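**Q** Can you keep this structure in mind? I'll have questions shortly.
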Amino acid sequence: MKFLKEKKVVHVKETRRAVVAVFLALSLAGCGYHFKGAGLTAPAGVHTIAITVLENQTSESGIETVFTSDLAYEFTRSKMLRIVGKDMSDAVLSGSIASMAVDTISHTATYGSNERRVTITLDLALRRPSGEVIWSDSALSGRETFQVSSDKIETEQNRRAAIEAISKRLAEKVHNRILQDF
Numbered sequence: 001m002k003f004l005k006e007k008k009v010v011h012v013k014e015t016r017r018a019v020v021a022v023f024l025a026l027s028l029a030g031c032g033y034h035f036k037g038a039g040l041t042a043p044a045g046v047h048t049i050a051i052t053v054l055e056n057q058t059s060e061s062g063i064e065t066v067f068t069s070d071l072a073y074e075f076t077r078s079k080m081l082r083i084v085g086k087d088m089s090d091a092v093l094s095g096s097i098a099s100m101a102v103d104t105i106s107h108t109a110t111y112g113s114n115e116r117r118v119t120i121t122l123d124l125a126l127r128r129p130s131g132e133v134i135w136s137d138s139a140l141s142g143r144e145t146f147q148v149s150s151d152k153i154e155t156e157q158n159r160r161a162a163i164e165a166i167s168k169r170l171a172e173k174v175h176n177r178i179l180q181d182f
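Residue numbering for the sequence shown follows the working numbering, starting at 1 and increasing by one per position.
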């Protein structure tokens, strides 16, 4: 008798798990939730991409390396397009860091800066070797707030961290926009 009771308990637990799994699957499907990368497809005929070093039109030294590296990382991570040299690619992603502005957004009692916001704008295009533009955005921008400290080195580290955060976010945005438009 005890064996039948244990068997019923196991059966009830399995049934509950199945019901919960079905409920979760249906509710996630119904609310528009999707997994990262779902629905992204490469432009027709594009299987490989070259990413050129972005032109730096700002006074921020080395920023082009940060942004270009993050773009390359994003495409490498997703494995949707293989990164190759420019002469072997189906498309080339190129452009510039068009502007960078740093604005004070909050002041101390003595009119010093307490917080600043850095805003960076990119001008990018994805082109076929023929020159045909597949995708472009000339006003892609991101912003990040950072703390100002009485220690100039700490403030500079905060500013650099803000730039890196913008770079990572914009790289992901570029990747997704290029692949979701098709």
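Glycine included, each C-beta is placed from N, C-alpha and C at the ideal position. Treat the numbers as computed from the prediction; the structure is a model and nothing was measured.
With a threshold of 8 Å, are at least 3 pairs of Cβ atoms found where one atom belongs to the segment 111–123 and the other to the segment 139–154?
**A** Yes, the segment 111–123 touches the segment 139–154.
**Q** For the beta strand (DSSP E) that contains E115, what are its first and last residues?
**A** Looking at the DSSP string, the run of the beta strand (DSSP E) that includes E115 is 113–127.
**Q** Let me confirm a value: H175 is counted as buried when at least 16 other C-beta atoms fall within 10 Å, else exposed. Which label applies?
**A** H175 is buried by the Cβ-count criterion.
**Q** Excluding the five sequence neighbours on either side, which residues of its own chain have a C-beta within less than 7 Å of the C-beta of A42, listed in chain order?
**A** Closer than 7 Å at Cβ, skipping near neighbours: M80, L81, L179, F182.
**Q** May I ask you to report which of helix, strand or coil DSSP gives T52?
**A** Of the three classes helix, strand and coil, the one that applies to T52 here is coil, per DSSP.
**Q** What does Q147 pair with, by DSSP beta-bridge criteria?
**A** DSSP, once it has assigned bridges, lists E115 as partnering Q147.
**Q** Applying the criterion that 16 or more other CB atoms from any shown protein chain within 10 Å of the CB defines a buried residue, is G85 buried or exposed?
**A** Exposed.
**Q** Do you know whose CA, among D137, R177, D123, I163, lies nearest I97's CA?
**A** Nearest C-alpha to I97: D123.
**Q** Which term fits S150, buried or exposed, when burial requires 16 or more other beta carbons within 10 angstroms of its beta carbon?
**A** Per the 10 Å Cβ criterion, exposed.
**Q** Grab the span of the alpha helix (DSSP H) containing D70 for me, first residue to last.
**A** From DSSP, the alpha helix (DSSP H) with D70 extends over 63–78.
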